[in-house]
Amino acid sequence: MRSVPKNSQFLQPWKPLMIRVFGLLILAMAVSVPALGLGPVIVRLLPDPGGLPPDTYYQDRNLRYTGPLKKGVAEGKGLLFWDSGQIAYEGGFKSGRPEGKGVQFDVNGFRIYAGEFQRGKYHGTGTLYSKDAQFVLYEGGFENGQPSP
Numbered sequence: 001m002r003s004v005p006k007n008s009q010f011l012q013p014w015k016p017l018m019i020r021v022f023g024l025l026i027l028a029m030a031v032s033v034p035a036l037g038l039g040p041v042i043v044r045l046l047p048d049p050g051g052l053p054p055d056t057y058y059q060d061r062n063l064r065y066t067g068p069l070k071k072g073v074a075e076g077k078g079l080l081f082w083d084s085g086q087i088a089y090e091g092g093f094k095s096g097r098p099e100g101k102g103v104q105f106d107v108n109g110f111r112i113y114a115g116e117f118q119r120g121k122y123h124g125t126g127t128l129y130s131k132d133a134q135f136v137l138y139e140g141g142f143e144n145g146q147p148s149p
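Under the numbering used here, the residue at position 125 of the sequence shown is numbered 125, and the numbers go up by one with no gaps.
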């Protein structure tokens with residue numbers, strides 16, 4: 001697979017490819033979600049025999065995205081799940097990046113951030129939580145991923 005530029009911040013569609021899974025040929029596409037720290041992702045464009053819809057992304061079997069697609073990228077309200085089944089992110093996507101209201105969770109299911117996103121970064125009103133979500137670290141405005149004064 002092609003490498004993804006480190007400064008890339010959104011889902012990037014690549015050329016469609018055919019992959020063979022359990023002897024079945026599946027039309028798919030590789031993408032990346034660097035804004036959320038994800039590497040190459042396989043996007044199935046056609047349903048698989050297991051019944052999963054074509055709008056599900058996989059990342060090295062560690063993370064799964066379910067939600068609407070527009071031109072091969074996440075667009076609208078979607079969900080990201082860790083391989084454990086715990087939710088990683090719930091909220092809006094635009095051009096493959098978190099956008100609008102959303103909630104981000106760590107691998108243990110603890111809430112990290114709840115609030116507004118813009119271009120994949122914390123932006124607008126939000127709440128940043130401690131590692132175990134027991135304490136509020138910051139509540140207020142964010143700009144470009146950072147608390148604003």
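Using N, Cα and C, we set each Cβ at its ideal position, and we do this for glycine too.
| Asked | Found |
| --- | --- |
| So if DSSP puts Gln146 in a beta bridge, which residue, or which two residues, is it bridged to? | Glu143 |
| Can you check whether the CB of Lys121 is closer than 7 Å to the CB of Gly145? | yes |
| Using the C-alpha atoms, what's the distance from Gly78 back to Gly67? | 4 Å |
| Quick check on the burial criterion: 16 or more other C-beta atoms within 10 angstroms. Buried or exposed for Pro98? | buried |
| Would you say the beta carbon of Asn108 comes nearer than 6 Å to a heavy atom of the ligand ATP? | Of the ligands one can find in the structure shown there are none, so the ligand ATP has no counterpart to examine. |
| Just the Cα atoms here: how many angstroms apart are Ala133 and Arg111? | 6 Å |
| In whole angstroms, what separates the C-alpha of Lys70 from that of Ser95? | 8 Å |
| Grouping DSSP H, G and I as helix and E and B as strand, with all else coil, what is Ala133? | coil |
| Tell me whether Leu137 is buried or exposed, calling it buried when 16 or more other Cβ atoms sit within 10 Å of its Cβ. | exposed |
| If I measure Cβ to Cβ from Glu143 and keep anything under 7 Å in the same chain, skipping five residues before and after, which residues do I get? | His123 |
| If I follow the unbroken beta strand (DSSP E) through Gly78, where does it start and stop? | Gly76 to Trp82 |
| Give the straight-line distance between the Cα atoms of Gly115 and Asp83, rounded to the nearest whole angstrom. | 24 Å |
| Within 10 angstroms of its Cβ, does Val107 collect 16 or more other Cβ (buried), or is it exposed? | exposed |
| With which residues is Gln86 paired in a DSSP beta bridge? | Its beta-bridge partners do not exist; DSSP assigns none. |
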